[in-house]
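Residue numbers (this note's numbering): 13 to 308. Note that beta-carbon positions come from the ideal geometry of N, C-alpha and C, so glycine has one too. Note that this is a predicted model, so its numbers are computed, not measured.
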């Protein structure tokens, strides 16, 4: 092999795909026009009935609105021992965490401090040691993927494995370094793949005419049944939640919430704590129901 000078030109492999597809797709317009004419001629002779479940499904279309009501916009405020100026060598007591929240809620210099009346949910975790807090925090992070909580979780995990990591002496790789394996989806290949893929999809759709209408309906029914089964399985798995946390629900201004936090005794007294405030002008229905009060 030797070095050669090269000029850019459109790949013949891509052009061959396009030319082959165009041989069939260029005829689609005329064929569809003829087919629509035949359908229009028989329209008066055909009677179509609604699906047996169509009316029942239509009565439940308001569920989309109910789901959208659960998707709220909110502000979050997170306090952990890792926050600069708060923690004391990885420790932050329960009362210190609550006091930090109360102080920040009255910080009018921060333009992101919630204004007006809001729905708020305050969550608190506290333990005797960082290791115990990590055990409590892990299931909560699976339910509430707040970036600040996830970052502190990773810090706790790293601290827990630090002693073992110190014993490892890995030889550094030489520079420059290989990038990780990934799809070589660079321009113009990315656009070519999208456009040529669209042509191929049309060919795949046209080729389905080889199947009878009954076979297509059977395949569609099987696909829908499999999808509904998978949705039910995934929802059942998603609803299997665990984790324990202290919660404090409130409606009102940020200043009023700060006053309530100051005047309410801390539920526990532990040296390592994290606290989180979720504040929204919309009801926090999903998250309040996610963390139900334990009745004793």
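The C-alpha of residue 283 lies about 17 angstroms from the C-alpha of residue 167.
Contact between residue 254 and residue 138 does not hold, since their C-beta atoms are separated by about 18 angstroms, which reaches or exceeds 8 angstroms. Ranked by Cα distance from residue 204, the first of 14, 13, 25, 76 is 25. Between residue 149 and residue 161, the CB-CB gap stays under 9 angstroms.
Note on geometry: alpha-carbon atoms of residue 270 and residue 136 lie some 15 angstroms from one another. A distance below 7 angstroms between beta-carbons, with the five flanking residues on each side excluded, links residue 119 to the following residues of its chain, in chain order: 125. The Cβ atoms of residue 107 and residue 267 lie no closer than 9 angstroms to each other.
Separation of residue 249 and residue 79 (C-alpha to C-alpha, rounded to the nearest whole angstrom) is 19 angstroms. Runs of beta strand (DSSP E) with 3 or more residues, each lying fully within the stretch 67-145, are found at 87-91, 130-139, listed in chain order. Residue 262 sits in a strand when the DSSP states are folded into three classes.
The beta carbon of residue 83 sits closer than 8 angstroms to no other beta carbon from its chain once the five residues preceding and following it are set aside. Under the three-state reduction of DSSP, residue 288 is assigned to strand. In the DSSP assignment, residue 61 falls outside any alpha helix (DSSP H), carrying neither H nor E. Boundaries of the alpha helix (DSSP H) around residue 234: 225-250. Rounded to the nearest whole angstrom, the C-alpha separation of residue 200 and residue 217 is 26 angstroms.
If the five residues before and after residue 299 are omitted, its C-beta is found closer than 7 angstroms to the C-beta atoms of 133, 290, all from its own chain and listed in chain order. Here the alpha carbons of residue 34 and residue 43 stand approximately 14 angstroms from one another. Per DSSP, reduced to three states, the secondary structure at residue 277 is coil, with no helix or strand assignment. Looking at 157, 232, 214, the one whose alpha-carbon comes closest to that of residue 37 is 214.
Straight through space, the alpha carbons of residue 297 and residue 76 are spaced by roughly 16 angstroms. Judged by beta-carbon spacing, residue 265 lies beyond the 9 angstroms limit of residue 87, meaning their Cβ atoms are not closer than that value.
Scanning 273, 252, 262 for the CA closest to the CA of residue 151 turns up 252. The continuous alpha helix (DSSP H) containing residue 51 extends over residues 40-54. Straight-line measurement puts the Cα of residue 123 at about 21 angstroms from the Cα of residue 98.
Secondary structure at residue 271: helix, using DSSP grouped into helix, strand and coil. Take the alpha-carbon of residue 288 and the one of residue 246: they are about 28 angstroms apart. Counting along the chain, the unbroken alpha helix (DSSP H) around residue 203 starts and ends at 201-219.
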